[in-house]
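Take the sequence shown: its position 59, counting from 1, is numbered 59 in the UniProt record's numbering, and each next residue is one higher.
Just so it is clear, CB atoms sit at the ideal spot from N, CA and C, and this is done for glycine as well.
Predicted model, so just to flag it, every value in this text is computed and none were measured.
Everything on this sheet refers to the single structure shown next.
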Amino acid sequence: MKAVVYQRPFSVEVHEVADPKILHPNDAIIKVTTSCICGSDLHMYEGRTAAEPGIIFGHENMGVVVDIGPGVARLKVGDRVVLPFNVACGHCRNCESGYSAFCTEVNPGFAGGAYGYVAMGPYSGGQAEYLRIPFADYNALNLPQGTEFESDFALLADVFPTGWHGVSLSGFRPGESVAVFGAGPVGLMAAYSAILRGATAVYVVDKVKERLDKAGSIGAIPIDFSEGDPVEQIYEWSHGEGVDRGVDAVGYQAVSGDHEVPNAVIDALIRVVRPTGGLGIPGLYVPSDPGGQDAQAQKGYLTVAFGKLFEKGLTVGTGQCNVKAYNRQLRDLIIANKARPSFIVSHELPLDEAPVAYEKFDQRTDGFTKVLLHP
Ligand SMILES: NC(=O)c1ccc[n+]([C@@H]2O[C@H](COP(=O)([O-])OP(=O)(O)OC[C@H]3O[C@@H](n4cnc5c(N)ncnc54)[C@H](O)[C@@H]3O)[C@@H](O)[C@H]2O)c1
Ligand SMILES: [Zn+2]
Ligand SMILES: [Zn+2]
1 MKAVVYQRPF
11 SVEVHEVADP
21 KILHPNDAII
31 KVTTSCICGS
41 DLHMYEGRTA
51 AEPGIIFGHE
61 NMGVVVDIGP
71 GVARLKVGDR
81 VVLPFNVACG
91 HCRNCESGYS
101 AFCTEVNPGF
111 AGGAYGYVAM
121 GPYSGGQAEY
131 LRIPFADYNA
141 LNLPQGTEFE
151 SDFALLADVF
161 PTGWHGVSLS
171 GFRPGESVAV
181 FGAGPVGLMA
191 AYSAILRGAT
201 AVYVVDKVKE
211 RLDKAGSIGA
221 IPIDFSEGDP
231 VEQIYEWSHG
241 EGVDRGVDAV
251 GYQAVSGDHE
261 VPNAVIDALI
271 RVVRPTGGLG
281 IPGLYVPSDP
291 GGQDAQAQKG
301 YLTVAFGKLF
311 EKGLTVGTGQ
321 CNVKAYNRQL
331 RDLIIANKAR
341 PSFIVSHELP
351 LDEAPVAYEK
361 FDQRTDGFTK
371 VLLHP
């Protein structure tokens, strides 16, 4: 089959590789109909993780079941499914508590597994024609048969639940205001979730025009950080009040001016969230960054205004999204015509165009906001 294989920093190629096989009775194989490119893939693509050449990328996958192992009880050949980016067992302590992003069984020595991702276990990615699904009865979420809502459902694998999770991590309640930093797919989905959940005002900070326009299109207030301190701009809009909640949908590769400042967003959130408010941090921070600017950054150590955080009594929530905690309800919002997350999708391309799509999405040019690959 064909698959998108990581070669070296800033290079992926579409190669012929072996088809996946059933390796365990609880496995299923899907024929991939959609696999999205994610901002998380870019950390690997840019050589900013320990990812080795040869990884097949793709953790946002959906498709149709074409084979099942003898232990699979619930899924059938022909079922249309979307897979959480998390690979999880369903029976460990964390899975049982709903924390499927921190499964202790699927990636020994580590809490959490994923498809096609460095340090997340031996699971191949879905930017390919076929994909093996471990613990398939637990991991796969069934979808209505056919092709309807394909681009909405594809976003259930990661960014829609992750945006929702970011808002939950912040402690948000209806009637509150939110500042979302980053208008990439995760930030736009956090803003959309906050609006669906009854936020009074949602500010979205970025500097990429097309992305800020998408934020404006759903009723959020776009804040362009290239035009001045975003915190000051939000204070101005909110008549000096700041916001109740803040979401970091950027992570450790945050930029300030034209260079990277890993603590830029956390610092801004501590300033802009009102005393006793909360920060939700789905944006990625890593314990090892080969491209970090100094020895501290390379170990994932950040300087944060912890004194201010304490003084303001802020709460902080972090971590990978437990997709299974949200994806069923978000699927049903899509089916009920109450949510249409696909407004973020800018490009739908065949697998062969993945190398160009990675390049453009990485440069955030030509309106590449969210790319769906259809193998
Ligand atoms: N927690 C999870 O489960 C999870 C899941 C998916 C993605 N992520 C992480 O979420 C982050 C966002 O993902 P994405 O797909 O939206 O990525 P993306 O790279 O497309 O978007 C990030 C956006 O942040 C903007 N940005 C950079 N510096 C900024 C700053 N100082 N202030 C405001 N905006 C700034 C960029 O211009 C860009 O538009 C990534 O770190 C990704 O790894 C986490
Ligand atoms: Zn993703
Ligand atoms: Zn588990």
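Item                                                                                                                                                                                  : Value
Round the Cβ separation of residue 29 and residue 64 to the nearest angstrom and send it over; I've been treating them as touching at under 8 angstroms.                              : Between residue 64 and residue 29 the Cβ distance is about 10 angstroms, and since that is not below 8 angstroms, they are no contact.
Report buried or exposed for residue 301, applying the criterion of at least 16 other Cβ atoms within 10 angstroms of its Cβ.                                                         : exposed
Check for me: the beta strand (DSSP E) holding residue 62 runs from which residue to which?                                                                                           : 60 to 68
Taking 7 angstroms as the cut-off, is the CB of residue 394 close to at least one heavy atom of ligand 3?                                                                             : Given a span of 1 to 375 for the chain in the structure shown, any question on residue 394 remains unanswerable.
Are residue 343 and residue 269 touching if we call contact CB-CB under 8 angstroms?                                                                                                  : no
Label residue 242 either buried or exposed according to how many other C-beta atoms from any shown protein chain fall within 10 Å of its C-beta, with 16 as the threshold for buried. : buried
With DSSP as the reference, label residue 270 as helix, strand or coil.                                                                                                               : helix
Ligand 3 and residue 89: does any heavy atom of the ligand fall closer than 7 angstroms to the residue's C-beta?                                                                      : yes
Say the cut is 7 angstroms; is the CB of residue 40 nearer than that to a heavy atom of ligand 1?                                                                                     : yes
How about residue 234 and residue 204: do their beta carbons lie closer than 8 angstroms?                                                                                             : no
Assess contact between the region 277 to 294 and the region 252 to 266, defined as three or more Cβ pairs (one per stretch) separated by less than 8 angstroms. Is contact present?   : yes
Please tell me whether, using a cut-off of 7 angstroms, the distance from the CB of residue 92 to the nearest non-hydrogen atom of ligand 3 is below it.                              : yes
Under 8 angstroms between the Cβ atoms of residue 113 and residue 73?                                                                                                                 : no
Is it buried or exposed for residue 253, if we count other Cβ within 10 angstroms and need 16 for buried?                                                                             : buried
At the level of alpha carbons, what is the spacing between residue 317 and residue 53?                                                                                                : 33 angstroms
Where residue 27 and residue 264 are concerned, what is the direct C-alpha to C-alpha distance, given to the nearest angstrom?                                                        : 42 angstroms
If you draw a straight line from the alpha carbon of residue 215 to that of residue 183, how long is it in whole angstroms?                                                           : 7 angstroms
Pick from 305, 142, 143, 122: whose alpha carbon is nearest that of residue 134?                                                                                                      : 122
Hey, is residue 71 close to ligand 1, as in C-beta under 7 angstroms from one of its heavy atoms?                                                                                     : no
Residue 36 bridges to which residues according to DSSP?                                                                                                                               : 60, 372
Taking contact to mean at least 3 C-beta pairs separated by less than 8 angstroms, is the region 81 to 99 in contact with the region 131 to 145?                                      : yes
Could you check whether residue 157 and residue 61 sit closer than 8 angstroms to each other, using their CB atoms as the reference points?                                           : yes
To the nearest angstrom, report how far apart residue 24 and residue 4 are at their CA atoms.                                                                                         : 24 angstroms
Going by the CB atoms, is the gap between residue 125 and residue 56 shorter than 8 angstroms?                                                                                        : yes
Assuming residue 152 is part of the alpha helix (DSSP H), what are its boundary residues?                                                                                             : 150 to 154
Can you give me the C-alpha to C-alpha distance between residue 298 and residue 76, rounded to a whole angstrom?                                                                      : 46 angstroms
Do residue 95 and ligand 3 come close, with the Cβ less than 7 angstroms from some heavy atom?                                                                                        : yes
To test your reading of the DSSP string, which unbroken alpha helix (DSSP H) runs of 4 or more residues are found completely within the region 91 to 147?                             : 93 to 96, 136 to 139
Is DSSP giving residue 176 helix, strand or coil here?                                                                                                                                : coil
Is residue 164 closer than 8 angstroms to residue 326 when the C-beta atoms are compared?                                                                                             : yes
Taking DSSP's pairing of strands, which residues face residue 200 in a bridge?                                                                                                        : BP columns for residue 200 are empty, so no partner.
Ordered along the chain, which non-local residues of its own chain (more than five positions away) have a Cβ less than 8 angstroms from that of residue 69?                           : 22, 24, 25, 26, 27, 28, 136
Output needed for residue 335: all residues of its chain with C-beta closer than 8 angstroms, excluding positions within five of it in sequence on either side, in chain order.       : 144, 149
Taking 7 angstroms as the line, does the beta carbon of residue 118 fall inside it for any heavy atom of ligand 2?                                                                    : no
Roughly how many angstroms lie between the CA atoms of residue 354 and residue 373, to the nearest whole one?                                                                         : 7 angstroms
If you drop the 5 nearest sequence neighbours on each side, which residues of the same chain put their C-beta closer than 8 angstroms to that of residue 346?                         : 210, 367, 368, 369, 370, 371
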